[in-house]
Amino acid sequence: MDLNLEEKFALMIIIVESYNDAISGNKAEENIAELIKYHLIRDVNIHINTICYWAKLDEDDIENVFAITPFMREIATIDKTL
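Written out as structure tokens, the structure is:
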């Protein structure tokens, strides 16, 4: 199935939010993380705002971030354009 840019963007937001919920509930699976990372990096131009939002790069207080933030920060460090 080929998705257009808007569909890829919207679908990834749902996936990232769901994965954040899974991390919060201790139900996250490592193989899913790698698949999400692959798609975020592959289409980084589409997902750059999503990565930055969830990475909360300007927040130092760990109490003010999402459960997925460390994962997203790892992705943000891979792509130096963020």
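Throughout, my numbering is defined as the position within the sequence shown, counted from one, plus 582.
A virtual CB, placed ideally from N, CA and C, is assigned to each residue, including glycine.
Remember, it's a predicted structure, so these values are computed and weren't measured experimentally.
- Judged by DSSP secondary structure, A604 falls within the alpha helix (DSSP H) whose first and last residues are L587 to S606.
- No Cβ-Cβ contact shorter than 7 Å links V647 with E656.
- Y635 has its alpha-carbon roughly 27 Å from the corresponding atom of M583.
- Comparing C-alpha distances from H629 to each of E612, A637 and M594 shows the shortest one belongs to M594.
- The C-alpha of A649 is placed about 29 Å away from the C-alpha of N586.
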